[in-house]
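**Q** Take this structure first; my questions come after.
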Amino acid sequence: MTPYIVAPLVGSVIGYITNALAIRMLFRPHRAKYLFGHRVPFTPGIIPKEKGRIAASVGGSISENLMNEEVMEKSLLSEELLRKLSNGIDHFIDSQRQNPETLRSFLSHYMSEKEIDDAASKGSDDLTQLIYKKLADSDVGDKIAHASVAHVMAKMQHFGSGLAGKERREGIGDLIGKGIRKIFGQTGADATSQLINSLAEPVEHALANNINEILHNNSREIVGDLISTESKSLLSRQMRDLLAGKEQELTQARDSLVQLYVKIIRERLPRMLAAVDISKIIEDRINEMDMAEAERLILEVMDKELRAIVWLGAGLGFLMGFINCLL
């Protein structure tokens, strides 16, 4: 009976030691060993010896199969991630609806005071310049003059009629028209009405010229002061007041942000992946790792599997020893 016990046990011990030693030789020794000027065989271990090739292979495999454009886009544009993004924006908006901070205080979390003032100043200057150009180079003066004269003519339109309906109050045109008819008769009233109509065009032209000149010379200062005042007022308003009653606009803003994110990913992701050499980054990182650290990480990840291999060696050794006894 002794051979049937000893042989399997010896085989089991040999299998256990052999597999344990083989696994250890994957990592150890970390550096080549020399004896009398000659490198000792199997030093360094297989992984340290092939570290560069393994790093390049792992980097290329991850880049081609795990972090390629298709996989990244599918992950970054998944329904779950987009839902989380939308919910995150909603949560941020809801928190700001109760935020008593002023807009300046809110921005100070992300910008310095100087950056806030510079941004406000630049925004005011740009908007002022845009509005000034529109006022100075367009026919705003002509439109104002035309509207003003048309308004005056509408008020004076009853000069020749002498009628003031019972359903409306008598305007100044009605009263003046009645006075002129009383003094000069209907012919005088008609002549006066024609005179006023004939003066409308030159008055409108002169008024337009004056308004355009005023806008050209003074609109920059007027608009600038107005926008600067409004800008300061805006920065001093509380966040909750700025967002109050703007549910529809905020919902549209959230949807626009999500759509912008989707557009950026679809349009920019290929260029981003082309600019970032993932394979090279992974390869360099693996090559930079100390072998002791790499060994520790691999053993932590595969500890259970490697132990199973060692015990599998022991089991196979036991089985071969027992079979050898039978033969």
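For what it's worth, the numbering used here labels the leading residue of the sequence shown as 140, then goes sequentially. From the three backbone atoms N, C-alpha and C, an ideal C-beta is built for every residue, glycine too. A quick note: this is a predicted structure, and the numbers were derived from the prediction, not measured.
#1: Roughly how far, in whole angstroms, is the beta-carbon of L374 from the beta-carbon of T241, given that I think they are within contact range, below 8 Å?
#2: May I have the straight-line CA-CA distance separating Y271 from R359, to the nearest angstrom?
#3: Applying the criterion that 16 or more other CB atoms from any shown protein chain within 10 Å of the CB defines a buried residue, is E422 buried or exposed?
#4: Using a Cβ-Cβ cut-off of 6 Å (strictly less than) and excluding sequence neighbours within five positions of I162, which residues of its own chain qualify?
#5: May I have the straight-line CA-CA distance separating V440 from E434, to the nearest angstrom?
#6: Would you say G456 and I153 are within 9 Å of each other, going by their C-beta atoms?
#7: Compute the Euclidean distance between the alpha carbons of L381 and S263, then round it to the nearest angstrom.
#8: Would you mind sorting Y155 into buried or exposed? The rule is 16 or more other CB atoms within 10 Å of its CB.
#9: Check whether the Cβ atoms of I185 and L165 lie closer than 9 Å to each other.
#10: Which runs of the beta strand (DSSP E), 3 residues or longer, sit entirely within the region 382-465?
#11: How about T182 and A171: do their beta carbons lie closer than 9 Å?
#12: Since L174 sits in a beta bridge, which residues does DSSP pair it with?
#13: Indicate whether R405 and L205 have their beta-carbon atoms separated by less than 9 Å.
#14: By a C-beta neighbour count over all protein chains shown, 10 Å radius and 16 as the cutoff for buried, is G452 buried or exposed?
#15: Reducing DSSP to helix, strand and coil, say where T241 ends up.
**A** Looking at the atomic coordinates:
#1: On the sequence shown, position 235 is the one that residue 374 refers to. On the sequence shown, position 102 is the one that residue 241 refers to. By a beta-carbon distance limit of 8 Å, L374 contacts T241. Their separation comes to about 7 Å.
#2: For the purposes of this step, residue 271 is taken as the residue at position 132 of the sequence shown. For the purposes of this step, residue 359 is taken as the residue at position 220 of the sequence shown. Taking C-alpha positions only, Y271 is separated from R359 by approximately 5 Å.
#3: By one-based count along the sequence shown, residue 422 stands at place 283. By the neighbour-count rule (16 or more Cβ atoms within 10 Å), E422 is buried.
#4: Here the question's residue 162 lines up with position 23 in the sequence shown. Setting aside the 5 residues that flank it on each side, I162 is surrounded in the same chain by L445, each with a C-beta closer than 6 Å to its C-beta; the list follows chain order.
#5: The count along the sequence shown starts at 1 and reaches residue 440 at position 301. The count along the sequence shown starts at 1 and reaches residue 434 at position 295. So the alpha carbons of these two residues sit roughly 10 Å apart.
#6: One-based indexing of the sequence shown puts residue 456 at position 317. One-based indexing of the sequence shown puts residue 153 at position 14. Closer than 9 Å, so yes.
#7: Sequence index remark: in the sequence shown, residue 381 carries index 242 (1-based). Sequence index remark: in the sequence shown, residue 263 carries index 124 (1-based). L381 and S263: Cα-Cα distance of roughly 19 Å.
#8: Taking the sequence shown and counting its residues from 1, the one referred to as residue 155 is at position 16. Burial call: buried.
#9: Here residue 185 refers to the residue found at position 46 when the sequence shown is read from its first residue. Here residue 165 refers to the residue found at position 26 when the sequence shown is read from its first residue. Judged by beta-carbon spacing, L165 lies within the 9 Å limit of I185, meaning their Cβ atoms are closer than that value.
#10: If you keep only unbroken beta strand (DSSP E) runs of at least 3 residues inside the region 382-465, you get nothing at all.
#11: The sequence position of residue 182 within the sequence shown is 43, counting from 1. The sequence position of residue 171 within the sequence shown is 32, counting from 1. Closer than 9 Å, so yes.
#12: Counting from one through the sequence shown, the residue named residue 174 turns up at place 35. Answer is H177.
#13: Reading the sequence shown from its first residue, position 266 is the one you call residue 405. Reading the sequence shown from its first residue, position 66 is the one you call residue 205. Not in contact: R405 and L205 (Cβ atoms no closer than 9 Å).
#14: Translated into positions along the sequence shown, residue 452 becomes position 313. Residue burial is scored here from C-beta neighbours: G452 has at least 16 other C-beta atoms within 10 angstroms and is therefore classed as buried.
#15: For the purposes of this step, residue 241 is identified with residue 102 of the sequence shown, where counting begins at 1. Note: T241 maps to strand in three-state DSSP.
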